[in-house]
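There are 4 protein chains.
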Amino acid sequence: MLTGKHVAVIGGDARQLEVIRKLIELDAKISLIGFDQLDEGFVGASKVQLEDVDFTTVDVIVLPVSGTSNEGEVETIFSNEKIVLKAEHLKDTPNKCNVFSGISNQYLKKIVQESDRKLVELFERDDVAIYNSVPTMEGTLMMVIQNTDITIHRSNVVVLGFGRVGMSVARAFHALGADVKVAALESELLARIYEMGFEPIELSNLSNEVQETDVCINTIPARVLTANIISKMPTRALIVDLASKPGGTDFRYAEKRGIKALLAPGLPGIVAPKTAGKIIANVLSKLLLEEQNNIEEEQS
Amino acid sequence: MLTGKHVAVIGGDARQLEVIRKLIELDAKISLIGFDQLDEGFVGASKVQLEDVDFTTVDVIVLPVSGTSNEGEVETIFSNEKIVLKAEHLKDTPNKCNVFSGISNQYLKKIVQESDRKLVELFERDDVAIYNSVPTMEGTLMMVIQNTDITIHRSNVVVLGFGRVGMSVARAFHALGADVKVAALESELLARIYEMGFEPIELSNLSNEVQETDVCINTIPARVLTANIISKMPTRALIVDLASKPGGTDFRYAEKRGIKALLAPGLPGIVAPKTAGKIIANVLSKLLLEEQNNIEEEQS
Amino acid sequence: MLTGKHVAVIGGDARQLEVIRKLIELDAKISLIGFDQLDEGFVGASKVQLEDVDFTTVDVIVLPVSGTSNEGEVETIFSNEKIVLKAEHLKDTPNKCNVFSGISNQYLKKIVQESDRKLVELFERDDVAIYNSVPTMEGTLMMVIQNTDITIHRSNVVVLGFGRVGMSVARAFHALGADVKVAALESELLARIYEMGFEPIELSNLSNEVQETDVCINTIPARVLTANIISKMPTRALIVDLASKPGGTDFRYAEKRGIKALLAPGLPGIVAPKTAGKIIANVLSKLLLEEQNNIEEEQS
Amino acid sequence: MLTGKHVAVIGGDARQLEVIRKLIELDAKISLIGFDQLDEGFVGASKVQLEDVDFTTVDVIVLPVSGTSNEGEVETIFSNEKIVLKAEHLKDTPNKCNVFSGISNQYLKKIVQESDRKLVELFERDDVAIYNSVPTMEGTLMMVIQNTDITIHRSNVVVLGFGRVGMSVARAFHALGADVKVAALESELLARIYEMGFEPIELSNLSNEVQETDVCINTIPARVLTANIISKMPTRALIVDLASKPGGTDFRYAEKRGIKALLAPGLPGIVAPKTAGKIIANVLSKLLLEEQNNIEEEQS
Ligand SMILES: NC(=O)c1ccc[n+]([C@@H]2O[C@H](COP(=O)([O-])OP(=O)(O)OC[C@H]3O[C@@H](n4cnc5c(N)ncnc54)[C@H](OP(=O)(O)O)[C@@H]3O)[C@@H](O)[C@H]2O)c1
Ligand SMILES: NC(=O)c1ccc[n+]([C@@H]2O[C@H](COP(=O)([O-])OP(=O)(O)OC[C@H]3O[C@@H](n4cnc5c(N)ncnc54)[C@H](OP(=O)(O)O)[C@@H]3O)[C@@H](O)[C@H]2O)c1
Ligand SMILES: NC(=O)c1ccc[n+]([C@@H]2O[C@H](COP(=O)([O-])OP(=O)(O)OC[C@H]3O[C@@H](n4cnc5c(N)ncnc54)[C@H](OP(=O)(O)O)[C@@H]3O)[C@@H](O)[C@H]2O)c1
Ligand SMILES: NC(=O)c1ccc[n+]([C@@H]2O[C@H](COP(=O)([O-])OP(=O)(O)OC[C@H]3O[C@@H](n4cnc5c(N)ncnc54)[C@H](OP(=O)(O)O)[C@@H]3O)[C@@H](O)[C@H]2O)c1
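Keeping their order, the protein sequence lines are chains R, V, X and E.
Using full-length UniProt numbering, you'd call the opening residue of the first sequence number 1 and step up by one each time.
Using full-length UniProt numbering, you'd call the opening residue of the second sequence number 1 and step up by one each time.
Using full-length UniProt numbering, you'd call the opening residue of the third sequence number 1 and step up by one each time.
Using full-length UniProt numbering, you'd call the opening residue of the fourth sequence number 1 and step up by one each time.
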């Protein structure tokens, strides 16, 4: 339990509600900043203005997935007020206060460093990335069903990359009856691809393997779907690019060739905000509980 | 091959293009009625007006999935002209001329009977229903992903009915990691449900099994989702009703209880018109080829 | 509950112990005939000699899977005494007494008819056949792993027949990564084979589809693996014939061609006697409970 | 192609035949040492005695999976002669000559080092371990089917470890319908376990999760199945220990408790020697071809 812990939850979207729910379950004391328009009442959580928070009592700061903007602004869909997080706020906190966000940027890193606090970027964690690969995969399924005139079943699917997202995506399309090829570099990934029933492609050989592609799903954050590769695909092919912006596709060339190519960022928050929120809530609370246990052990 | 066979394709939507393509492949002589606005040219198929067709030379008539309206009108998305099929047309055809449609109605049955021809309702066939269960299943996945805020993975799914559609739907949700229960009447269906890794529910016991339902998919064309059953579901549940109109759900009660319930007819033509067209094309051509073989065998 | 019901369990093997266990659970009164060497004590079941049974009090007779021999002898592995069931025994029972066995023969049918009782052959039931298809499938896996020098994963498997056993077998080999073809006659079976991700073969076309076969599993109780078909297989192929004796394989020809062919009857009792026993116990008790409910309803 | 390359294959079992076959396919010049009793003739491979080999012409030395004994002896099932590999042999070879084995030991490492050659232990490679996880998994299935009286389907299976073998094993049991729990330490493994549809167990919490275990499969090469854990299992449980000798099980305690526990080393060579041989052949030849390409590129 987190009894006695004071957590400041600043901004966010539907996902943050799951975080709040979990923290309440664990009996934390919660201040909600940027939630004034939230209808739902949370017993045990009080809505406050940023300027009214006594940061000297705050043990944990929880930012939204996006962290802050480069000007320090914290996004929230539950308030119209502008919320800017500053180094001063952090400096006021007790030494052990940690800051949690999904991703971060220069600004956030700077203010955390300046105030000598610790920043935990949850989306950098392998476990979070794997849990998130599930809603990402389902969003991909949805997009493919919507944007093709054929079934996934018995279609020719090529997945690029076999990391945390690629494995989940390949497994799902295969489970629905597609013929799945997966392109990767390392020999042990190619071995696992083979073991899982997909056809392994050496990435260097990709251009010879896309002639019959109905759907190509990219998870590699590098320019892998070059004009050369795209020129080998049939025009009926659909490209769904999951890699973080700007994706790995030569979108200009795809359009020229008449191939539909879609960049699809942020799927978990779009197709399954509740599950995406629970993922964050679970990992965050696990980390907080572990930290607490460590402190208790040290003290005893 | 269907060399020498004269097929009149009357009306339809994108699915019919696959039928035409297949018939051309098989070297049939094709008259297209109601396709004047079709851009795509088909070598070997000529666009004609209904009144210009010489039905005495027509060996096969292919209607759209919907057959005719109760006034004899044949739907087409490739023409603005009104096309009405009459008994006279059929009477002109050679004795052996068969009429193919997806489904039929009183009008169509009557004119076929009057003219002493044979009507083949393709959608009544088990094989067609099973092939169509695949795009139906994918459309269902899409709707569920769109209309819930959680992932299918690890959700509680209840499928009602384990016929041609129910089996495909249950398999897909299970393959994506859902906990799947399936409700059916017969003991052999319950046994297969168990073998396939789903939890069998006796339909009579349904009301005790829906307390934790996230998604309920109905394939039984009878009022099974009564107010009583729906009242036992959590309000977060989503109902997707696939059964032919009016579905098996008490939609009025679902709305009252605040449960989202969607009637989702005609999914194959919506989410995968090309695959849906190929299904028709394959079965139709197989039937035509078999008939031809039979005639040749009789003659030899 | 079966309180007050008197069940005579006559003979059997390990499977019958599960039946006894279940009946005790349901509070039946049980007489065990042919179990004198059984170490395990069952509270609520008494071991008796056939001649000491008062059949006028017996409500249900449970025979082993095999029923009786053609001389009326009932097999048991728990006794050395010879047990012969006769029409006289049955005639003594109350009118409503039913006889349960797995399969039956002329003798058993005759004595049941003579005494005007009802015989239930559990193995004729679709649900029992489907439940049993699971241990049958696992036994088949075991035999294939033992009798080949390659993995099932990525091997070429042909399954003949897509009934209760064929579907379970095809699903399992596919799940383990084999390329699975399934041969059947009916168009709706071919459609389901396709939907499930296997390659459908029309049985009439089998001879053209076995050139690359590593493993062929027959479930069709008819001579389908003829010399002609076997001659098209590579000599490395393994045939496992599950169909009831004498199987569907030309074993003489297979041997001549140097192809290993195994007839594998009775797998459930061999590889999973406990599960096989539970299958019988569950269905038997469900039938007894239903019967009881019906009687109670009639009486009320 | 390996045209012109001279490969000395020294000793081995059935797996080595696949290696020889592959090398011949690639047009290598092959000397077979320790194969005098091999019936099968390989065109392009000549059987020689160790003392007759001109090692100054040997480009590659291929040892069996086991490498050598600690006295330098090389196992072979195709000869009765004793073959001892010595540093002298290696010293005679050209500088670039590499030595391939499955595993190695002090002796082999020493003579390779003394002669300044390179040793490649194929079984240390991730890709080889993953490919081998497939026959290992199938051998495990076979053992479990043989050694239990229930079906894998719907049984409670606990897999310890989620590395190269653990993942393949868990996937297979799940695919056959078992309820699979997997125990691991790292949070990202636990996340993948969850994504794949298994129930994740923190290894530290194992003792609370084995009460209902029917089958426990260990892949962790450390003493994880302690008396404490085993004491929590039901006596019906079966333990299959795949970890390299001495396994991770307290076998003495398991026996005392009446729990069957089997140490099962070397499954790939036992249940699928041909596939196991092809795995070695494929990786070996890929490495030789890559090396050759590198040399050619350097030279050009
Ligand atoms: N659209 C969405 O909603 C969504 C959701 C989640 C994640 N994402 C994005 O999807 C991408 C993949 O995420 P992930 O978690 O799967 O990452 P990951 O685990 O790091 O996997 C990336 C894969 O790409 C390969 N790769 C990386 N750089 C490469 C290069 N230059 N050349 C060839 N291969 C390369 C990696 O191979 P190695 O292992 O050999 O490096 C790995 O197979 C990221 O950009 C992530 O931001 C998008
Ligand atoms: N939405 C779409 O896009 C779409 C696409 C295809 C089909 N459909 C519709 O979906 C429905 C199912 O199609 P299908 O091909 O799966 O049909 P099906 O094979 O006949 O299956 C229907 C299932 O419902 C059961 N059932 C029928 N009447 C029942 C009753 N009164 N009480 C209890 N159970 C009953 C059947 O059990 P028994 O076998 O015991 O009768 C069977 O399990 C139909 O209405 C069809 O028109 C919709
Ligand atoms: N070895 C064992 O341990 C074991 C265990 C269980 C069962 N069995 C045996 O396995 C066999 C199959 O059992 P099952 O329960 O799967 O039976 P089933 O459900 O009747 O299936 C038999 C299959 O064979 C087809 N078939 C039957 N006769 C045919 C013929 N003359 N030509 C072409 N196809 C034909 C059926 O097609 P249609 O549906 O079109 O007729 C069906 O696909 C039986 O002989 C049974 O006794 C053995
Ligand atoms: N019986 C056979 O026929 C056969 C065939 C192949 C392999 N094997 C043997 O099977 C074993 C597993 O092989 P593998 O290729 O799967 O190895 P692996 O990929 O290294 O996997 C081992 C697993 O055990 C975990 N682990 C290792 N040491 C641990 C410890 N002290 N405490 C807790 N967890 C620990 C690892 O977790 P981390 O990743 O966190 O370290 C990993 O999950 C090896 O002993 C191998 O020799 C046997």
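Beta carbons: idealized from backbone N, C-alpha and C, even for Gly.
Owing to the predicted nature of the structure, the values given are computational and were not obtained by experimental measurement.
Which residues mark the beginning and the end of the alpha helix (DSSP H) in which residue 63/X is found? Segment: none, residue 63/X is in no alpha helix (DSSP H) and carries neither H nor E.
Paired residues, beta bridge with residue 201/R - DSSP: Its beta-bridge partners are 183/R.
Nearest neighbour of residue 284/R, chosen from 133/R, 5/R, 35/R, 122/R [CA to CA]: It is 122/R whose Cα lies nearest to the Cα of residue 284/R.
Under 7 Å between C-beta atoms of residue 259/V and residue 281/V: Contact: no.
If we count Cβ pairs, one from each stretch, closer than 8 Å, do we get three or more for the stretch 113-132 of chain E versus the stretch 99-117 of chain X? Taking a contact to require three or more Cβ pairs closer than 8 Å, the stretch 113-132 of chain E and the stretch 99-117 of chain X do not qualify as touching.
Note down, in chain order, every chain V residue with its Cβ under 9 Å from the Cβ of residue 134/X. Simply 194, 195.
Which residue comes first and which comes last in the alpha helix (DSSP H) that contains residue 274/V? First-last of the alpha helix (DSSP H) with residue 274/V: 273-299.
Counting Cβ pairs, one atom from each stretch, are 3 or more of them under 8 Å apart for the stretch 140-158 of chain E and the stretch 264-282 of chain X? They touch, by the three-pair rule.
Between residue 143/E and residue 45/E, which are expected to be in contact by the criterion C-beta below 8 Å, what is the C-beta distance as a whole number of angstroms? The beta-carbon distance between residue 143/E and residue 45/E, rounded to whole angstroms, is 36 Å. This is too long to meet the 8 Å contact definition.
Which residue marks the beginning of the beta strand (DSSP E) containing residue 8/V, and which one marks its end? Element bounds for residue 8/V: 6-10.
From residue 226/R to residue 141/R, what does the alpha carbon distance come to, in whole angstroms? Residue 226/R and residue 141/R have their C-alpha atoms spaced approximately 23 Å apart.
Any chance you could list the beta strand (DSSP E) runs of at least 3 consecutive residues sitting entirely within the stretch 67-106 of chain E, in chain order? If one requires a minimum length of 3 residues, the beta strand (DSSP E) runs lying completely within the stretch 67-106 of chain E are 98-101, in chain order.
Can you tell me which residues form a DSSP beta bridge with residue 45/X? DSSP output for residue 45/X lists 30/X as bridge partner(s).
Residue of 35/R, 161/R, 98/R minimising C-alpha distance to residue 74/R: It is 35/R whose Cα lies nearest to the Cα of residue 74/R.
Under the criterion of a Cβ to heavy atom distance below 6 Å, does residue 164/E qualify as lining ligand 4? Correct: residue 164/E has its Cβ closer than 6 Å to ligand 4.
Applying a beta-carbon distance threshold of less than 7 Å, which residues of chain E neighbour residue 130/R? 188, 191, 192, 195, listed in chain order.
Compare the C-beta of residue 168/V with all C-beta atoms of chain X and state if any pair is closer than 7 Å. True, the Cβ-Cβ gap to chain X drops below 7 Å.
Does residue 233/E come within less than 7 Å of chain X when only Cβ atoms are used? At a cut-off of 7 Å, the C-beta of residue 233/E has no neighbouring C-beta in chain X.
So does residue 265/X have its beta carbon nearer than 6 Å to some heavy atom of ligand 5? Looking for ligand 5 in the displayed structure turns up nothing; the ligands present are ligand 1, ligand 2, ligand 3 and ligand 4.
Give me the Cα-Cα distance between residue 186/X and residue 214/X, rounded to the nearest whole angstrom. Near 25 Å, if we compare the C-alpha coordinates of residue 214/X and residue 186/X.
With 16 other CB atoms within 10 Å as the buried threshold, where does residue 22/R fall? With 16 or more other CB atoms across the displayed protein chains lying within 10 angstroms of its CB, residue 22/R is buried.
Are the beta-carbon atoms of residue 93/R and residue 58/R separated by less than 7 Å? Against a cut-off of 7 Å, the Cβ pair of residue 58/R and residue 93/R comes out as a contact.
Determine the contact status of residue 130/V and residue 191/X, defining contact as a CB-CB distance below 7 Å. With respect to residue 191/X, residue 130/V sits close: the two C-beta atoms are nearer than 7 Å.
Per DSSP, what kind of secondary structure is residue 210/X in: helix, strand or coil? Three-state result, residue 210/X: coil.
Can you name the residues of chain V whose CB is closer than 8 Å to the CB of residue 127/X? Contact annotation for residue 127/X against chain V: 187, 188, 190, 191 [CB-CB distance below 8 Å, chain order].
Report all residues from its chain with a CB closer than 6 Å to the CB of residue 183/E; omit the five preceding and five following residues, and keep chain order. In the same chain as residue 183/E, and ignoring 5 residues on each side of it, the C-beta atoms closer than 6 Å to its own belong to 160, 201, 203, 206, in chain order.
Between residue 221/X and ligand 3, is the CB less than 6 Å from at least one heavy atom? Under cutoff, so the answer is yes.
Starting from residue 72/E, find everything on chain V with Cβ-Cβ shorter than 7 Å and list it in chain order. For residue 72/E, none of the residues of chain V pass the 7 Å Cβ criterion, the least Cβ distance being about 52 Å.
With a threshold of 8 Å on Cβ separation, who are the neighbours of residue 235/R within its own chain once the five nearest residues in sequence on each side are excluded? Annotation for residue 235/R: 257, 258, 259 place their beta carbon closer than 8 Å to its own, counting only its chain and skipping 5 residues before and after.
Return the chain-ordered list of same chain residues with a C-beta closer than 6 Å to the C-beta of residue 194/X, the five sequence neighbours on each side being excluded. Correct list, in chain order: 200.
Given this structure, state the Cα-to-Cα distance separating residue 104/X from residue 157/V, to the nearest angstrom. A straight line joining the alpha-carbon of residue 104/X with that of residue 157/V spans about 41 Å.
Kindly examine ligand 2 and report whether one of its heavy atoms sits closer than 6 Å to the Cβ of residue 18/E. No.
Residue 81/R versus residue 146/V - alpha carbon distance: Approximately 30 Å, taken between the alpha carbons.
Could you check the C-alpha separation between residue 128/R and residue 174/E for me, to the nearest Å? If you draw a straight line from the Cα of residue 128/R to the Cα of residue 174/E, it comes to about 24 Å.
Under 8 Å (Cβ pairs) to chain C, residues found in the stretch 269-295 of chain E: The chain inventory of the structure shown lacks chain C, comprising the protein chains R, V, X and E.
Can residue 151/R be considered in contact with ligand 2, in the sense that its beta carbon sits closer than 6 Å to one or more heavy atoms? Checking every heavy atom of ligand 2 against the Cβ of residue 151/R, none is found closer than 6 Å.
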